[in-house]
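**Q** Quick one: structure below, then a few questions.
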Amino acid sequence: MNALTVPFGVSSRARSLPPLDGKGFTVARSQGARLFDTEGRSFVDYGMAMGATLVGHAHPEVVEACTKALENGPMPGFPNDIEEAAGAALARIGGARVTRVTFTTTGTEAVHLACRIARANTGRRLIAKAVGGYDGWFDPVRFGLVESAEAERTNERPVKEDTTLFRVNDIGDLDALFEEMGGDLAAILVEPMLGNTGCLVPERSFFEHLTRRARENGTMIIADEVMVGLRRGVKLVSEDLGLMPDLVTLGKAIGSGVPVAAVLGTPKAFEVVEDGTVPCFGTYHGNPLVASAVLATMKLLEDQSHYTRLFDWGAALRRAVEDAFAAEGITAITTGFDSVFSLWFTDKAPRVYEEAKAKVRPEATKQVSDSLRRHGVVGLPSPWGRYFISLAHGEAEMEITVNAFREAARDLAR
Ligand code: PLP
């Protein structure tokens with residue numbers, strides 16, 4: 002029986018780390034690239050608040066901006082003078098094409114709102130999302146992560162709560178989707194990188210084809226950039242990879258650890274927001290506390306040299322990780338970006354979800370993450386093994402991490 006008031010001690014199961022060697026793991030403080038647990042141990046962190054703390058935990062400039070907002074009253078309950086400034090700063094991500102912004106509190110809500118906007122624009126209900134993609138925990142979009150197995154079994158394209166599925170990097174499947182349901186499709190919802198499928202990156206040719214087919218069918222494109230937003234620079238990751246979205250969802254990194262998310266859209270897509278067809282509510286949306294965090298984050302990221310360092314550091318880490326396993330005769334590769342990647346025990350990155358499912362090795366991933374933890378490094382407890390890097394990861398962290406991966410590779414080879 003669970004004696005805790007909060008079941009499992011955490012309100013998001015994605016956050017719980019099981020005990021290791023008889024010791025639990027409870028964080029007392031997070032600072033820069035480090036976590037300090039309640040026993041005073043220090044860990045280099047690669048969970049980085051599930052990707053939210055791209056600038057590092059408790060960045061002083063974000064803390065200062067949030068402190069000021071708290072002192073001024075975090076929640077006046079009427080229009081505040083920071084929200085528009087934060088929106089304008091955030092809109093820089095969308096460039097000249099995707100220029101409108103509205104805030105929500107979580108990424109899940111941003112996806113929910115983006116779907117509503119797409120439905121209001123098209124007069125259609127159906128949304129198609131990627132098999133193996135994670136777009137939040139509301140019921141309709143959870144479909145696909147947990148129920149794609151059913152689709153595989155029956156070999157039919159299931160529809161549930163106005164949501165259906167398609168397969169990333171499978172042009173035949175995408176064409177079949179449009180042939181079967183094109184006239185009913187309000188939107189395609191897709192991440193520019195499937196984080197929950199081990200950082201599976203859609204191919205440019207797939208994204209360009211998707212953009213074309215969507216335009217031909219009057220279907221909107223929602224790029225779910227909640228996880229990857231800001232991880233390739235102050236720009237849309239989707240556009241960088243060949244997808245032209247009408248709507249973009251952002252969250253995590255935009256607030257550096259405070260709960261804020263947003264929907265970005267083209268002026269055309271946002272007409273239904275501006276004329277009130279799609280009402281936006283939410284007590285906390287865009288309050289001065291979160292808007293201050295967004296402003297401070299965007300200001301920090303104006304400095305391109307941060308990104309240069311981040312990408313160089315990440316590329317060096319990926320090489321070192323692959324080398325650590327190679328030195329023990331274990332084939333391992335990393336997939337994704339230099340700011341967030343997954344580790345695979347295979348010589349070729351999976352292209353499609355089925356391949357990824359066949360190649361994932363949860364036991365090896367768990368063994369590696371346990372070894373890493375014993376040597377002062379923690380990451381997300383996901384079977385797909387994902388590593389988030391921040392601006393705060395530096396030389397000292399590199400040394401600890403590379404040493405920990407060498408130990409983990411040795412353990413795995415035993
Ligand atoms: N979309 C993607 C791609 C995500 O990675 C997540 C969270 O991990 C969400 C949506 C949901 O965001 P939140 O957890 O803030 O509701």
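Residue numbers for the sequence shown follow the numbering used here, so the first one is 2 and each next one is one higher.
A virtual CB, placed ideally from N, CA and C, is assigned to each residue, including glycine.
These numbers come from a predicted model, not from an experiment.
Provide the residue span of the alpha helix (DSSP H) that contains Lys24, from first to last.
**A** Indexing the sequence shown from 1 puts residue 24 at position 23. Where Lys24 is concerned, there is no enclosing alpha helix (DSSP H), given that its DSSP letter is neither H nor E.
**Q** Quick check: the stretch 226-246 against the stretch 90-109, are at least 3 beta-carbon pairs closer than 8 Å?
**A** The stretch 90-109 is in contact with the stretch 226-246.
**Q** Can you say whether Glu110 is buried or exposed, counting buried as having 16 or more other CB atoms within 10 angstroms of its CB?
**A** In the sequence shown, residue 110 corresponds to position 109, counting from 1. The residue is buried, with at least 16 neighbouring Cβ atoms inside 10 Å.
**Q** Who sits around the ligand PLP, taking every residue whose Cβ is closer than 6 Å to one of its heavy atoms?
**A** Having a Cβ closer than 6 Å to some heavy atom of the ligand PLP are Met51, Thr107, Gly108, Thr109, Val112, Tyr135, Asp136, Gly137, Glu192, Gly196, Asp225, Val227, Met228, Gly252, Ala262.
**Q** Between the Cα of Asp174 and those of Phe346, Glu303, Val353, spot the shortest distance and give me the residue it belongs to.
**A** Here residue 174 refers to the residue found at position 173 of the sequence shown. The shortest Cα separation from Asp174 among Phe346, Glu303, Val353 belongs to Val353.
**Q** Does the beta-carbon of Pro77 have 16 or more other beta-carbons within 10 angstroms, so that it is buried, or is it exposed?
**A** Taking the first residue of the sequence shown as position 1, residue 77 is located at position 76. So Pro77 counts as exposed.
**Q** Determine the direct distance from the alpha carbon of His58 to that of Ile331, and round the result to whole angstroms.
**A** In the sequence shown, the residue the question calls residue 331 occupies position 330. In the sequence shown, the residue the question calls residue 58 occupies position 57. About 33 Å.
**Q** Just list the residues that DSSP pairs Asp225 with in beta bridges.
**A** Sequence index remark: in the sequence shown, residue 225 carries index 224 (1-based). Answer by DSSP bridge pairing, in chain order: Thr250.
**Q** Do Trp345 and Gly333 have their beta-carbon atoms positioned less than 8 Å apart in this structure?
**A** Here residue 333 is taken as the residue at index 332 of the sequence shown, counted from 1. Here residue 345 is taken as the residue at index 344 of the sequence shown, counted from 1. The displayed chain sequence assigns Ala, not Gly, to residue 333. Yes, the pair counts as a contact, with Cβ atoms nearer than the cut-off.
**Q** Helix, strand or coil, according to DSSP, for Arg93 in the structure here?
**A** One-based indexing of the sequence shown puts residue 93 at position 92. DSSP places Arg93 in helix when its eight states are reduced to three.
**Q** For Ser306, count neighbouring C-beta atoms within 10 Å of its own C-beta (all shown protein chains included) and say buried if the count is 16 or more, exposed if not.
**A** Mapped onto the sequence shown, residue 306 falls at position 305. Exposed, since its Cβ has fewer than 16 Cβ neighbours within 10 Å.
**Q** Quick check: the Cα distance between Val273 and Leu296, rounded to an integer number of angstroms?
**A** Within the sequence shown, numbered from 1, the residue matching residue 273 stands at position 272. Within the sequence shown, numbered from 1, the residue matching residue 296 stands at position 295. Computed Cα separation, rounded: 26 Å.
**Q** Exposed or buried, Val378, counting other C-beta atoms within 10 Å across all chains shown (16 or more means buried)?
**A** What you label residue 378 is simply residue 377 of the sequence shown in a count that begins at 1. The residue in question, Val378, is buried, as its Cβ has 16 or more Cβ neighbours within 10 Å.
**Q** Any idea what DSSP makes of Val64, helix, strand or coil?
**A** Translated into the one-based positions of the sequence shown, residue 64 becomes position 63. Note: Val64 maps to helix in three-state DSSP.
**Q** Have a look at Val147 and Ala357 and give me their C-alpha separation to the nearest angstrom.
**A** Stepping through the sequence shown from its first residue, residue 147 is reached at position 146. Stepping through the sequence shown from its first residue, residue 357 is reached at position 356. Per-residue confidence for Val147 stands at a pLDDT of 48, beneath the threshold of 50, marking its modelled position as unreliable; no derived number is given.
**Q** Taking only runs of the beta strand (DSSP E) that begin and end inside the stretch 337-391, which ones reach a length of at least 3 residues, in chain order?
**A** Taking only runs of at least 3 residues, the beta strand (DSSP E) segments lying wholly in the stretch 337-391 are 341-345, 387-389.
**Q** Give the single residue among Arg232, Ala262, Ala254, Thr267 whose Cα lies nearest to the Cα of Asp247.
**A** Locating residue 247 in the sequence shown gives position 246, where the first residue counts as 1. Minimum Cα distance to Asp247 is reached at Thr267.
**Q** Pairs of beta-carbons, one from the stretch 248-265 and one from the stretch 19-29, closer than 8 Å: are there three or more?
**A** Not touching, per the Cβ criterion.
**Q** Give the secondary structure of Ser43 by DSSP, where H, G and I count as helix, E and B as strand, and everything else as coil.
**A** Start at 1 with the first residue of the sequence shown, and residue 43 comes out as number 42. Residue state, collapsed to three classes: strand.
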